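Q:
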Amino acid sequence: MESVMNTAQYKILVIDDEPDVVSYLTTFLEDEGFAVISAQDGPDGIDQARAERPDLITLDITMPGMSGIEVLTTLRRDPEVEHIPIIVITGVASFQKQLSFRGVRPPEAFMQKPMNLLLLTENLEKLLVQNTPSAAHE
Amino acid sequence: MSSKKKEPSVKRLETELEKNRERFRTMFNEVPCYISVQDRDLKIVHSNRKFKEAFCDCDGDYCYRVYKHRNEPCLTCPVEATFDDGEIHHSEEVVTSLSGESINTLVSTAPIYNSEGEIDLVMEMSADITHIRNLQKQLTNLGLLVGSISHGLKGLLTGLDGGMYLLNTGLDKDKKDRIEKGRTMIHRNVEQIRQVVLDLLYIAGEEEYKFEPYSLRDAAVSVAKRLAKRATAYQIDFKMELDEDIGSCDVDANAIKESLFNILASAFESCRLDTRKDAHFVRFSLTSDGDNAVFNIEDNGIGLNQESRENMFNLNFSNTGKESTGLGLFTANKVIEGHRGVIEVTSEPGKGTSYHIRIPKVRGSNEK
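For the record, the sequence lines run as chains A and B. If you want this note's numbering, it's the position in the first sequence, counting the first as 1, plus 9. If you want this note's numbering, it's the position in the second sequence, counting the first as 1, plus 12.
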């Protein structure tokens, strides 16, 4: 997919418990030129976010143990990482309703599985370009 | 007018009155809902035939004792409300019949006035809506089932999409590892979709089992063969120990094989999703404890917490927490229950899960 973004400067963290989804997303994002790290559960995802300070996080919701909602809540309440934009990628339809009760900033984007790669690219461009220091603020 | 002239008309009126009483008594008794009439002490003074058949012929007893087997009045009572305000009241109640059966009822109460215009009795009319509530429950379950299946299918379609992406880009870039990874993902997700369809067919069909003498050892071998490739692909050490002397058991061969397959597949998935261990195993054994054939399936996958263990055989639950349909273990348990067997599960998060499945060898055996 063509993009005007300089993808090589960005690091993306993929959090999903399903190895097939991690393989898919990681391969696609690397093909697009991004540096990619991944985590297959919530606690590891939080650790990686704090250690690696990625430029963006893709986050699944339905995971064993710690759910994606708990991961998002934890990240949003940590001043060191709360600024990192998050794209939720999930099969859960009622996600947005659940999150409204948690009192945290919602994810910057929300995508349903199965993924639309074009939409994912558009979201990445929008969120990563907006978050660079040179980006104009609204 | 003389008394002799009065008599025929009085008799005629009395006869007419008795006929009307009899007519109203018949109407009261034949109304197709439960009717009771209570006094201010909530004692039943009259009741119709349907009431007597369902609850008891116990005029004089307290309504709360008869309807609900309580020793004191209900917290919110439509009869008391009608005594208070003289209005008709409605409520939905669950009552218990003489045979112990729960009945959902829609209750309406109405005041009955005496000759002084005072409410001395209240009529309680209850329509049986149990059938409607059961239908609602079934529709709710159906809605949940559809939601769960679509949720799970989204995950499988994503896996297929991923496999296709890897395969296509692997071919474009001539990357053999990627091509192989893509093929494996496609194959795995197609297999899972196939199983979802089979499980759906099982749920949609009537649960009529064909019990015939069949070797459970043969069932175990057949299921293990189907999973051999998956064990290799997932790098799982899959070991079987099958008792040679188990003999034949009265089972529906296909249903039992599918049930075992679903449980083993679940064990395999637990291993596949567990990234914290370097090596995984699944042990599958068949033994006998007298009247029962006993299967043991043990894995060292991601394991289950208490909540997951308690809900693992419910529709919509996935023991791996991921977006699967939850049908596999549900149908597996239904089959084992249909054979009057039982599945016991022990598990620890991070350590693994053990399934202990007991099936009576002879149909009709009470051994559990």
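Even for Gly, the Cβ is constructed at its ideal location relative to N, Cα and C. No experiment lies behind these values; they were computed from the predicted model shown.
(1) So, is the C-beta of A:Thr83 closer than 8 Å to a C-beta in chain B?
(2) Of the residues that make up the region 143-167 of chain B, which ones have a beta carbon closer than 7 Å to any beta carbon in chain A?
(3) Provide the residue span of the beta strand (DSSP E) that contains B:Leu54, from first to last.
(4) Should A:Tyr33 go down as buried or exposed, given a rule of 16 or more other Cβ atoms within 10 Å for buried?
(5) Is DSSP giving A:Ala60 helix, strand or coil here?
(6) Taking all protein chains shown into account, do 16 or more other C-beta atoms lie within 10 angstroms of the C-beta of B:Arg24, making it buried, or fewer, making it exposed?
(7) Going by other Cβ atoms of all chains shown within 10 Å of its Cβ, with 16 needed for buried, is B:Arg200 buried or exposed?
(8) Among all the DSSP beta bridges, which residues are the ones paired with B:His102?
(9) Excluding the five sequence neighbours on either side, which residues of its own chain have a C-beta within less than 7 Å of the C-beta of B:Leu151, listed in chain order?
(10) Between the region 34-55 of chain A and chain B, which residues of the former have CB atoms less than 7 Å from a CB of the latter, in chain order?
(11) Using a Cβ-Cβ cut-off of 6 Å (strictly less than) and excluding sequence neighbours within five positions of B:Ala243, which residues of its own chain qualify?
(12) Where in the region 181-263 of chain B do unbroken runs of the alpha helix (DSSP H), each at least 4 residues long, occur, reported from the N-terminal end onward?
(13) Can you name, in chain order, every residue of its own chain whose Cβ lies under 6 Å from the Cβ of A:Glu91, other than the five neighbours on each side?
(14) Is the region 295-310 of chain B touching the region 360-371 of chain B, taking contact as three or more C-beta pairs under 8 Å?
(15) Starting from A:Pro115, trace the alpha helix (DSSP H) in both directions and tell me its first and last residue.
(16) Using a Cβ cut-off of 8 Å, which residues of the region 178-203 of chain B contact any Cβ in chain A, in chain order?
(17) Does any residue of chain E have a CB that is nearer than 8 Å to the CB of B:Thr170?
(18) Between which two residues does the alpha helix (DSSP H) carrying B:Gly350 extend?
(19) Between B:Ile56 and the rest of its own chain, which residues show a CB-CB distance below 8 Å, the 5 nearest in sequence each way excluded?
(20) Cα separation between A:Gly112 and B:His163?
(21) Taking the alpha helix (DSSP H) that B:Asn274 falls in, what are its first and last residues?
(22) How far does the alpha helix (DSSP H) with B:Ser111 in it extend, from its first residue to its last?
(23) Could you tell me the alpha carbon to alpha carbon distance between B:Ile355 and B:Ile248, rounded to whole angstroms?
(24) Which term fits B:Arg37, buried or exposed, when burial requires 16 or more other beta carbons within 10 angstroms of its beta carbon?
(25) Short of 8 Å in beta carbon distance, which residues of its chain neighbour B:Ala122, apart from the five on each side in sequence? Order them along the chain.
(26) Near B:Arg52, what residues of its chain come up, given a Cβ to Cβ distance below 8 Å and the 5 sequence neighbours on each side ignored?
(27) For the alpha helix (DSSP H) that contains B:Lys80, what are its first and last residues?
(28) Would you be able to state if there are at least three C-beta pairs under 8 Å between the region 19-26 of chain A and the region 54-71 of chain A?
(29) Would you tell me roughly how many angstroms separate the C-alpha atoms of B:Glu130 and B:His58, rounded to the nearest one?
(30) Between B:Leu210 and B:Gly313, what straight-line distance do the alpha-carbon atoms span, to the nearest angstrom?
(31) I need the straight-line Cα distance from B:Gly362 to A:Gly74, nearest angstrom please.
A: Quick answer:
(1) Locating residue 83 of chain A in the first sequence gives position 74, counting from the first residue. Not an interface residue.
(2) His163, Lys166 and Gly167
(3) Here residue 54 of chain B corresponds to residue number 42 of the second sequence, with the count starting at 1. From DSSP, B:Leu54 is part of no beta strand (DSSP E); its letter is neither H nor E.
(4) Along the first sequence, one-based indexing puts residue 33 of chain A at 24. A:Tyr33 is buried by the Cβ-count criterion.
(5) Locating residue 60 of chain A in the first sequence gives position 51, where the first residue counts as 1. Correct three-state label for A:Ala60: helix.
(6) Here residue 24 of chain B is taken as the residue at index 12 of the second sequence, counted from 1. That one is exposed.
(7) The residue given as residue 200 of chain B occupies position 188 in the second sequence. Result: buried.
(8) Here residue 102 of chain B refers to the residue found at position 90 of the second sequence. Answer by DSSP bridge pairing, in chain order: B:Ser120.
(9) Residue mapping note: residue 151 of chain B aligns to position 139 of the second sequence, counting from 1. No residues qualify anywhere along the chain.
(10) Thr36, Phe37, Asp40 and Gln49
(11) The count along the second sequence starts at 1 and reaches residue 243 of chain B at position 231. Answer for B:Ala243: Phe250, listed in chain order.
(12) 188-216 and 228-245
(13) One-based indexing of the first sequence puts residue 91 of chain A at position 82. Closer than 6 Å at Cβ, skipping near neighbours: Arg85.
(14) Under the 8 Å Cβ criterion, the region 295-310 of chain B counts as touching the region 360-371 of chain B, having at least three qualifying pairs.
(15) Walking along the first sequence from the start, residue 115 of chain A turns up at place 106. Segment: none, A:Pro115 is in no alpha helix (DSSP H) and carries neither H nor E.
(16) Contacts with chain A (Cβ-Cβ distance below 8 Å) from the region 178-203 of chain B involve Leu178, Thr181, Arg190, Lys193, Met197, Arg200 and Asn201, listed in chain order.
(17) Looking at the structure shown, chain E is missing, and the protein chains on hand are A and B.
(18) Your numbering for residue 350 of chain B matches position 338 in the second sequence. First-last of the alpha helix (DSSP H) with B:Gly350: Leu339 to Gly350.
(19) Your numbering for residue 56 of chain B matches position 44 in the second sequence. Taken in chain order, the residues that qualify are Ser48, Val49, Gln50, Cys70, Asp71, Gly72, Asp73, Tyr74, Cys75 and Val78.
(20) For the purposes of this step, residue 112 of chain A is taken as the residue at position 103 of the first sequence. For the purposes of this step, residue 163 of chain B is taken as the residue at position 151 of the second sequence. Spanning the two alpha carbons is a distance of roughly 26 Å.
(21) Taking the second sequence and counting its residues from 1, the one referred to as residue 274 of chain B is at position 262. Counting along the chain, the alpha helix (DSSP H) containing B:Asn274 begins and ends at Ala265 to Leu285.
(22) Counting from 1 along the second sequence, the entry for residue 111 of chain B is found at position 99. Note, B:Ser111: premise wrong, no alpha helix (DSSP H); not H, not E.
(23) Taking the second sequence and counting its residues from 1, one reaches residue 355 of chain B at position 343. Taking the second sequence and counting its residues from 1, one reaches residue 248 of chain B at position 236. Using only the alpha carbons, I get a separation of about 23 Å.
(24) Position 25 of the second sequence, counting from 1, holds the residue named residue 37 of chain B. Within a 10 Å sphere around the beta-carbon of B:Arg37 sit fewer than 16 other beta-carbons, which makes this residue exposed.
(25) Looking up residue 122 of chain B in the second sequence gives position 110. Hits under 8 Å: Thr94, Ile100, Val134, Met135 and Met137.
(26) Against the second sequence, residue 52 of chain B aligns to sequence position 40. Result list for B:Arg52: Phe95 and Asp132, in chain order.
(27) Here residue 80 of chain B refers to the residue found at position 68 of the second sequence. Cys75 to Lys80 is the span of the alpha helix (DSSP H), which, as asked, contains B:Lys80.
(28) These segments touch.
(29) Your numbering for residue 130 of chain B matches position 118 in the second sequence. Your numbering for residue 58 of chain B matches position 46 in the second sequence. Distance between the alpha carbons of B:Glu130 and B:His58 is about 18 Å.
(30) Working through the second sequence from its first residue, we reach residue 210 of chain B at position 198. Working through the second sequence from its first residue, we reach residue 313 of chain B at position 301. A direct Cα-to-Cα measurement between B:Leu210 and B:Gly313 gives close to 25 Å.
(31) Locating residue 362 of chain B in the second sequence gives position 350, where the first residue counts as 1. Locating residue 74 of chain A in the first sequence gives position 65, where the first residue counts as 1. So the two alpha carbons sit approximately 10 Å from each other.
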